[in-house]
Amino acid sequence: MVARGWGVRRRAGGDVLRPGAVTVVTAVRAVRAVTALRLAAATAVLGLLAVVAGPQAVAAGDPGAYGFDGGARSVTGAATTADAPLLDAGRAYRSALPHHGKLYYRLQLDAASTAYVSATAVPAAGSTVSAEDGVRVSVRDAHGGSCSYQATRFGAGRSPHPVAAWGARDAAPGRTLCQGAGTYYVLVERIDANGSSPDAWPLELATATEPALDRTGPTTAPRTWESATPEPVGGRAADRAGGNGFATATALGHGVWRASVRPGQTLFYRVPVDWGQQLNAVAELSGAGGSGYVEGALTLSLYNPVRGSVEDAYAGYTGQRAAAALAPLPPVAYANRYGFADPAKAMRFAGSYYLVVHLADQTADRFGTGPYELTLRVRLGGTARPGPGYAGPSEPRNRFEVTEADRIAVTRAGPGGGSADGSGSGSAGGSGALRAVAVGGIGAGTALLVALGVWTLVARRRAGAW
Numbered sequence: 003m004v005a006r007g008w009g010v011r012r013r014a015g016g017d018v019l020r021p022g023a024v025t026v027v028t029a030v031r032a033v034r035a036v037t038a039l040r041l042a043a044a045t046a047v048l049g050l051l052a053v054v055a056g057p058q059a060v061a062a063g064d065p066g067a068y069g070f071d072g073g074a075r076s077v078t079g080a081a082t083t084a085d086a087p088l089l090d091a092g093r094a095y096r097s098a099l100p101h102h103g104k105l106y107y108r109l110q111l112d113a114a115s116t117a118y119v120s121a122t123a124v125p126a127a128g129s130t131v132s133a134e135d136g137v138r139v140s141v142r143d144a145h146g147g148s149c150s151y152q153a154t155r156f157g158a159g160r161s162p163h164p165v166a167a168w169g170a171r172d173a174a175p176g177r178t179l180c181q182g183a184g185t186y187y188v189l190v191e192r193i194d195a196n197g198s199s200p201d202a203w204p205l206e207l208a209t210a211t212e213p214a215l216d217r218t219g220p221t222t223a224p225r226t227w228e229s230a231t232p233e234p235v236g237g238r239a240a241d242r243a244g245g246n247g248f249a250t251a252t253a254l255g256h257g258v259w260r261a262s263v264r265p266g267q268t269l270f271y272r273v274p275v276d277w278g279q280q281l282n283a284v285a286e287l288s289g290a291g292g293s294g295y296v297e298g299a300l301t302l303s304l305y306n307p308v309r310g311s312v313e314d315a316y317a318g319y320t321g322q323r324a325a326a327a328l329a330p331l332p333p334v335a336y337a338n339r340y341g342f343a344d345p346a347k348a349m350r351f352a353g354s355y356y357l358v359v360h361l362a363d364q365t366a367d368r369f370g371t372g373p374y375e376l377t378l379r380v381r382l383g384g385t386a387r388p389g390p391g392y393a394g395p396s397e398p399r400n401r402f403e404v405t406e407a408d409r410i411a412v413t414r415a416g417p418g419g420g421s422a423d424g425s426g427s428g429s430a431g432g433s434g435a436l437r438a439v440a441v442g443g444i445g446a447g448t449a450l451l452v453a454l455g456v457w458t459l460v461a462r463r464r465a466g467a468w
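Going by our numbering, the sequence shown opens with residue 3, and the numbers climb by one from there.
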């Protein structure tokens with residue numbers, strides 16, 4: 003059996019996404035989130051100071067346990083590659099990551115498949131986490147050379163909740179590093195445990211393999227796509243409670259959805275997205291009255307079908323209605339993997355994309371234990387089209403497609419608000435829509451935000467190279 007990885011980390015001199023580029027993208031996310039809140043500049047500065055202040059202890063009670071995959075096998079990571087246990091393709095595993103720890107696992111790969119590995123860290127409710135702490139996943143060849151890595155942090159909310167990062171061995175056409183069949187290693191580690199509780203974190207590991215194409219396609223990312231921020235989907239919301247893990251995520255389609263959420267709670271949803279479709283989502287938190295400010299109270303995270311982190315949106319909370327909106331993303335396309343920006347590259351295959359919503363536990367200190375009303379506005383634009391054509395099956399099977407079972411699950415979820423054609427109300431299509439040109443997925447105007455380096459502190463949640 004093979005296990006799979008994802009993108010390739012380029013060495014010095016290669017065409018990689020370097021840390022500076024990641025900073026620009028995270029800056030865009032932070033600015034968009036704050037814009038959605040329409041906070042005054044002074045309030046943003048106060049939030050920034052809250053991040054610098056360091057970790058924060060949990061105030062709310064246990065909002066519910068994480069829903070691990072019921073079929074997950076237990077595995078103990080090793081301190082060295084010599085003792086690294088084998089991870090099979092298409093399997094889920096449970097492990098534990100110690101404080102200040104790093105763990106190795108082993109993959110046995112063929113030459114043609116791309117292998118993906120994700121690690122979801124689950125700190126306990128009642129623990130303390132810092133903004134800079136989180137989980138980092140990297141894939142390495144047998145000689146220690148880096149194939150890919152990604153680090154995901156808790157960010158400004160400093161609230162313990164499940165966070166996931168991914169790594170890969172990318173065998174797609176045009177790749178040069180980490181090629182060939184053989185042994186590869188996965189390294190999972192804490193980023194910065196200083197200031198966080200000393201407990202070990204439960205881990206959920208998931209592996210997947212993507213087969214080679216039956217014929218070579220484009221090896222450059224789409225140069226043009228609709229990058230205008232669309233109007234949020236309108237209409238009456240339908241009730242839809244979220245799951246408590248990736249394995250238990252609730253299926254959703256285009257529409258407006260409503261749920262209850264308590265401080266410290268994380269809700270998981272999955273949205274089947276086909277080739278050629280474009281996903282957009284906004285999470286809104288109801289008002290609660292009271293006074294004060296909670297930085298990063300609401301987090302909306304998007305993960306791809308292999309649980310790879312795509313992007314995050316944040317909203318602070320003043321007791322008034324707040325919203326966190328994902329930045330525009332390109333339509334799903336195989337060639338997105340050749341792009342420049344991490345979020346665009348992660349939109350590389352069809353399948354179930356995960357919307358994960360977390361309400362920071364410290365919200366309870368300022369505004370009460372709730373529950374709070376959460377509204378999710380999910381837009382699926384574009385037209386579904388045939389995939390690129392794979393030479394064989396994936397592991398797990400059908401991972402990179404929208405199946406009939408997926409469509410049935412969405413249908414059973416019932417209709418949400420918005421129009422049936424996926425356009426919703428106030429669509430941003432037509433001649434007025436902006437287009438991202440010649441940068442492989444960064445929306446128009448992103449370069450103007452480079453000077454806003456201050457936002458790096460607010461949203462330095464994710465960094466990676468592949």
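Ideal placement from N, C-alpha and C gives every residue a C-beta, glycine not left out. Treat the numbers as computed from the prediction; the structure is a model and nothing was measured.
Handout entry: For V412, three-class secondary structure by DSSP
Key = In the displayed model, V412 falls within a helix according to three-state DSSP.
Exercise. Do G69 and G245 have their CB atoms nearer than 8 Å?
Worked result: It is a contact, given that the beta carbons lie within the stated cut-off.
Practice problem: Quick one: residues in its chain with C-beta nearer than 7 Å to the C-beta of G73, no 5 flanking neighbours on either side, listed in chain order? | Solution: Only A94 meet the Cβ criterion.
- [ ] Hey, could you find the ends of the beta strand (DSSP E) D344 is sitting in?
- [x] From DSSP, D344 is part of no beta strand (DSSP E) but of the alpha helix (DSSP H) over 344–348.
N- and C-terminal bounds of the alpha helix (DSSP H) containing T226: Careful: T226 lies outside any alpha helix (DSSP H), inside the beta strand (DSSP E) at 226–228.
Checklist line | Supposed contact pair D194 and S132 - C-beta distance, whole angstroms, cut 8 Å | finding: Rounded to the nearest angstrom, the Cβ distance from S132 to D194 is 7 Å, consistent with a contact under 8 Å.
>> Using a Cβ-Cβ cutoff of less than 8 Å, which residues in the same chain neighbour E406 once the five nearest sequence positions on both sides are dropped?
In response: Within the same chain, no Cβ atom closer than 8 Å to the Cβ of E406 is found once the five residues on either side in sequence are excluded.
Note to self: Under 8 Å, with one C-beta from each stretch per pair, do the region 252–269 and the region 369–386 reach the 3-pair mark?
What the structure shows: Yes, since at least three Cβ pairs between the region 252–269 and the region 369–386 fall closer than 8 Å, the two stretches touch.
| So, P287 versus A327, is the Cβ gap smaller than 8 Å? | Reading off the sequence, residue 287 comes out as Leu, not Pro. L287 places its beta carbon 8 Å or farther from that of A327.
Quiz item: Under a three-way DSSP split, which group does N282 fall into?
Solution: Strand at N282.
- Rounded separation between P164 and W203 - CA only: Taking the straight line from one Cα to the other gives about 10 Å.
For the pair the region 155–170 and the region 113–129, tell me if three or more CB-CB distances fall below 8 Å. A contact exists between the region 155–170 and the region 113–129.
Next item on the list: Would you identify the three-state DSSP class for T130, choosing helix, strand or coil?
Entry: In the displayed model, T130 falls within coil according to three-state DSSP, outside both helix and strand.
Exercise. Counting only runs that start and end within the region 73–121, where is the beta strand (DSSP E) found for 3 or more residues in a row?
Worked result: Taking only runs of at least 3 residues, the beta strand (DSSP E) segments lying wholly in the region 73–121 are 94–99, 104–111.
To the nearest angstrom, how far is the alpha carbon of L281 from that of A84? Going from the Cα of L281 to the Cα of A84 covers about 42 Å.
Going residue by residue through the region 219–260, where are the continuous beta strand (DSSP E) segments of at least 3 residues, counting only ones entirely within it? Runs found: 226–228.
| query | Among all the DSSP beta bridges, which residues are the ones paired with P204? | reply | DSSP lists A98 as the bridge partner or partners of P204.
- prompt: In whole angstroms, what is the alpha-carbon distance linking T268 and A337?
  reply: Note on geometry: alpha-carbon atoms of T268 and A337 lie some 32 Å from one another.
Put Y340 into one of helix, strand or coil per three-state DSSP. Residue state, collapsed to three classes: helix.
Inter-residue Cα distance where the pair is L105 and Q181: Cα-Cα distance, rounded: 23 Å.
* **Stretch-stretch touch, CB-based, cutoff 8 Å, three pairs: the region 300–307 with the region 338–357** => Yes, since at least three Cβ pairs between the region 300–307 and the region 338–357 fall closer than 8 Å, the two stretches touch.
* State the beta-bridge partners of L328 as determined by DSSP. => Partner(s): none; L328 has no beta bridge.
Next item on the list: Label D363 either buried or exposed according to how many other C-beta atoms from any shown protein chain fall within 10 Å of its C-beta, with 16 as the threshold for buried.
Entry: That one is buried.
Three-state secondary structure assigned by DSSP to F351:
When DSSP states are grouped into helix, strand and coil, F351 belongs to the coil group.
- Message: Based on DSSP bridge pairs, tell me the residues matched to D71.
- Response: For D71, which the question treats as bridged, DSSP gives no partner whatsoever.
Check your understanding: Do A81 and L99 come within 8 Å of each other at the CB atom, strictly closer than that value?
Key -> It is not a contact, given that the beta carbons lie outside the stated cut-off.
request  = Could you have a look at R368 and say whether DSSP puts it in helix, strand or coil?
outcome  = Assignment of R368 by DSSP, reduced to helix, strand and coil, places it in the helix class.
In angstroms, rounded to a whole number, what distance separates the CA positions of Y295 and S161?
-> For the pair Y295 and S161, the Cα-to-Cα distance works out to about 15 Å.
- Query: In chain order, what residues of the same chain have a beta carbon less than 8 Å from the beta carbon of R399, not counting five sequence neighbours either side?
  - Reply: Around R399, the same chain offers G92 as residues with beta carbons nearer than 8 Å, after the five sequence neighbours per side are excluded.
**Study point:** Which listed residue (H145, A249, A335) has its alpha carbon closest to that of P220
**Key:** The residue among H145, A249, A335 with its C-alpha nearest the C-alpha of P220 is A335.
Exposed or buried, what is S311 when buried is set at 16 or more other beta-carbons lying within 10 Å of its beta-carbon?
With 16 or more Cβ atoms within 10 Å of its Cβ, S311 is classed as buried.
Requested in this report: Identify which residue in A153, A283, H145, V77 has its Cα closest to the Cα of D344.
Outcome: Answer by Cα proximity: A153.
- [ ] In angstroms with no decimal places, state the Cα-to-Cα distance between Y340 and R225.
- [x] One Cα belongs to Y340, the other to R225, and the distance between them is close to 11 Å.
Tell me the DSSP secondary structure of E406 in three-state form.
Three-state result, E406: helix.
At the level of alpha carbons, what is the spacing between F402 and R409?
A direct Cα-Cα distance of roughly 14 Å separates F402 from R409.
(message) Judging by CA-CA distance, which residue of A324, S199, G416 is the nearest neighbour of A315?
(response) Nearest to A315 by alpha-carbon distance, out of A324, S199, G416, is A324.
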